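Everything in the sequence shown is counted per the numbering used here, starting at 10 for the first residue and increasing by one. Here the structure comes first, spelled out in structure tokens, and everything after it is commentary.
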Amino acid sequence: MPPRLAAFAAVVLWGLSFVATRIVLRELAPVPLVFARFGLGAALLAAVLAARRRPLVPPRREWPALAGLGFLGVFLHQLLQSHALVLTTAVRTGWLIGVVPIWSALLAALFLRERFGPAKVAGLALGLAGAVLVVTRGRVEPGLLALPGTRGDLLILASTVNWAVYTVVGRGTLARLGSLRATAGSMFLGWLMLGALMLDPAAWSGYAALGPAGWAALLFLGLGPAGLGYLLWFGALERI
């Protein structure tokens with residue numbers, strides 16, 4: 010698949026994921042949701058590695074880098090977004106995710122020496138203005154940021170900064186391991202970190218309450234936006 014088409018497909022999957030996450034959050038708390046989602050995603054990527062006869066365990070020297078990516082891109086990023094979606098809507102989340110290119114461009118310019126001209130600067134400024142408009146709802150009032158919906162929006166904004174850091178930091182690991190092994194290794198380690206939050210037996214009780222719609226949305230989240238979406242994104246980043 011051409012890399013730009015792969016990146017677009019990943020963004021489409023993630024846009025749909027906000028709706029699916031809201032469906033699951035009606036019946037399941039954020040932590041068990043994210044744990045199950047990325048357990049499914051890691052299993053899918055392990056199956057792809059096995060089908061391609063690639064080693065399942067990355068070189069030991071890459072474990073620290075993969076653990077860092079797992080923390081940023083799975084553990085921290087997904088906990089921020091899942092908790093935010095309890096407080097805000099899928100539509101507002103989808104719009105706010107559009108500021109990721111702003112942070113990515115700034116970080117790439119600072120650390121990767123990638124350059125962008127006046128037209129791109131103007132586009133990034135327009136995107137930032139749009140994000141501010143969404144968060145403030147066009148109003149500036151005392152106590153506005155204390156509204157529940159706005160707290161959720163701010164968590165989403167924090168996740169966009171985190172995702173940009175994850176994208177830029179991951180470039181070196183991609184170059185050494187390739188997109189499939191880097192994605193699978195970081196996702197598995199991030200999932201193990203989430204497992205530490207599942208030590209409380211009460212965290213497992215929510216799965217029994219999931220109905221057919223909840224299970225369908227959870228399966229989609231694990232196999233689509235998590236497994237396939239991350240692989241498409243890293244595959245595109247490897248080539249662009």
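Virtual Cβ for every residue (Gly too), placed ideally from N, Cα, C. Values in this document were obtained by computation on a predicted structure and should not be read as measured data.
Cβ distance (whole Å) where residue i is taken to contact residue j below 8 angstroms
i	j	result
LEU94	THR102	6 angstroms
GLY24	GLY199	No, GLY24 and GLY199 are not in contact; Cβ-Cβ is about 21 angstroms, not under 8 angstroms.
ALA226	ILE32	4 angstroms
LEU189	ARG63	7 angstroms
ALA245	PRO12	4 angstroms
LEU75	LEU65	With 8 angstroms as the limit, LEU75 and LEU65 do not qualify as a contact, their Cβ atoms being about 13 angstroms apart.
VAL109	THR169	5 angstroms
Which of helix, strand or coil DSSP assigns to residue i
i	result
THR30	helix
PRO39	helix
PHE125	coil
ARG146	coil
GLY194	helix
MET10	coil
PRO64	coil
LEU219	coil
Endpoints, the alpha helix (DSSP H) within which residue i is located
i	result
ALA212	Where ALA212 is concerned, there is no enclosing alpha helix (DSSP H), given that its DSSP letter is neither H nor E.
ALA93	86-96
PHE243	238-248
ARG69	Taken as a continuous stretch (DSSP letters only), ARG69 belongs to no alpha helix (DSSP H), as it is neither H nor E.
TRP120	In the sequence under discussion, the amino acid at residue 120 is Phe, which differs from the Trp named in the question. Per DSSP, PHE120 belongs to the alpha helix (DSSP H) from 109-120.
ALA99	99-105
Minimum Cβ-Cβ distance from residue i to chain C less than 8 angstroms
i	result
GLY220	The structure shown has no chain C; it contains just one protein chain.
>> Is it the case that the region 47-63 contacts the region 230-244, given that we only count it when at least three CB pairs across the two stretches are under 8 angstroms?
In response: yes
>> Does the contact criterion of 3 or more C-beta pairs under 8 angstroms hold for the region 129-138 versus the region 197-216?
In response: no
> Between the region 171-180 and the region 110-124, do three or more beta carbon pairs fall short of 8 angstroms?
Replying inline: yes
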